[in-house]
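Residue numbers (the numbering used here): 378 to 693. Just so it is clear, CB atoms sit at the ideal spot from N, CA and C, and this is done for glycine as well. Note that the structure is predicted; figures quoted are calculated from it, not measured. This report refers to the structure that appears directly beneath it.
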Amino acid sequence: MDRALIIFQALAEPTRLRILRLLREMELSVGELAQVLGQSQPRVSRHVKVLAEAELVVRRKEGSWVFLALGAEKDLQPIFSALDHWHPPESEDEDDLGRADRQRLQAVRNVRMGAAEDWFEVHAAEWDAIRSLHVSESEVEAGIRHIIGDAPIGSLVDIGTGTGRMLELLAGQCQHALGFDRSPSMLRLARAKLEHAQTASGEKINLRQGNFYALPIAENATDLAIIHQALRYAQHPAAVIIEAARILTPDGKLLVVDFASHQREELRMRDAHVYLGFSDQQMKDWFHSAGLDLVSTQALAGELTVKMWLGQLQSK
């Protein structure tokens with residue numbers, strides 16, 4: 378009963394309900410929350426403190442930044458179920474405040490995405506070299522081959538393909554290969570690199586422009602999806618993983634390759650990293666929420682450790 382009282386007391390304020398709905402969309406700093414809510418940072422901080430004490434919100438430190446995220450799913454799921462029942466988001470009954478919050482949140486998202494897109498357009502030609510700054514790419518590629526094994530792959534989707542290196546590496550092991558990237562510059566480079574590449578079945582490798590939050594591909598469409606050195610640029614990594622899981626066939630696999638958690642703050646500004654790497658627990662939780670079992674991990678030590686997380690779609 379004490380736990381229930383703490384939670385209900387924390388929820389008994391409109392601003393705190395707004396904060397939970399905003400953090401449901403993406404992790405935010407206190408400053409960004411204040412911008413969206415139209416309130417002062419000290420006032421927002423007081424509301425965050427109440428939610429944090431109720432364990433509905435957690436603080437995640439990255440370098441000199443502190444981001445706010447939702448607490449345990451077991452506590453938040455019934456809260457959001459009730460909120461969605463009584464006051465569905467983006468419905469005709471949504472009040473002006475809710476619509477304004479969503480509009481201002483989109484403005485924050487646009488600023489973040491714009492900075493990342495500008496960086497990718499400028500650095501597209503250097504992308505393969507940038508990816509291998511901290512651990513040699515040959516070592517990473519050997520690790521990728523090891524963790525996925527040498528069994529034939531029916532269909533492969535590379536999410537955030539960049540210059541298409543993963544497609545080039547694994548083309549001979551799969552029957553069908555498709556790469557998505559948001560950046561036209563990256564796709565132009567990938568097309569040039571993969572002009573003569575073929576899959577094991579003799580097919581050309583396909584490339585499409587696509588957003589990793591909403592891939593233009595059907596459910597149950599791929600046996601292996603890869604997110605190689607791209608997840609750290611996502612505003613909402615959990616949503617990217619859920620979308621990747623959506624396109625997997627039964628027992629299909631998702632491989633995420635990225636940095637382990639670190640404190641190299643300069644990479645946020647210099648290289649447009651949204652996340653300073655990921656922990657095993659973060660990845661395990663996100664995989665679980667997407668219906669994936671974390672079946673294997675691998676670490677490659679260097680100035681920054683590169684981690685590989687292999688998930689498999691849970692049997693229904």
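Worksheet item: Is V634 helix, strand or coil when you go by DSSP?
Response: strand
Item to complete: Just mark K684 as buried or exposed, buried being the case when its beta carbon has 16 or more other beta carbons within 10 Å.
Response: buried
Discussion item. So, does the region 545–552 touch the region 584–596, judging by three or more C-beta pairs under 8 Å?
Written reply: no
Item to complete: Kindly list the residues whose CB is nearer than 8 Å to the CB of P529, restricted to its own chain and excluding five residues on each side of it in sequence; keep chain order.
Response: Q550, C551, Q552 and A577
Practice prompt. Work out the CA separation of R645 and A637 for me, nearest whole Å.
Written response: 15 Å
Discussion item. Please tell me whether, using a cut-off of 6 Å, the distance from the CB of L669 to the nearest non-hydrogen atom of the ligand HEM is below it.
Written reply: With respect to the ligand HEM, the structure shown offers nothing to examine, as it has no ligands at all.
Worksheet item: First and last residue of the alpha helix (DSSP H) that includes L397?
Response: P391 to E402
Worksheet item: Under 7 Å between C-beta atoms, does C551 make it to chain B?
Response: Looking at the structure shown, chain B is missing, and only one protein chain is on hand.
Worksheet item: Taking DSSP as the reference, what is the three-state secondary structure of D627?
Response: It should be pointed out that residue 627 corresponds to Pro in this sequence rather than to Asp. Reduced to three states, the DSSP call for P627 is strand.
Worksheet item: Do you know offhand how far I618's Cα is from W663's?
Response: 7 Å
Worksheet entry | Any 3 or more C-beta pairs closer than 8 Å across the region 383–397 and the region 425–435 | yes
Worksheet item: Quick one: Cα of M403 to Cα of D558, how far?
Response: 21 Å
Discussion item. If you reduce the DSSP assignment to three classes, tell me which class A591 lands in.
Written reply: strand
Fill in: Nearest residue (CA-CA) to Q412, options E450, L447, V488 and K451
V488
Worksheet item: In chain order, what residues of the same chain lie with their CB nearer than 6 Å to the CB of E518, ignoring the 5 residues before and after it?
Response: L546
Practice prompt. Report yes if the C-beta distance between T540 and K581 is below 7 Å; otherwise report no.
Written response: no
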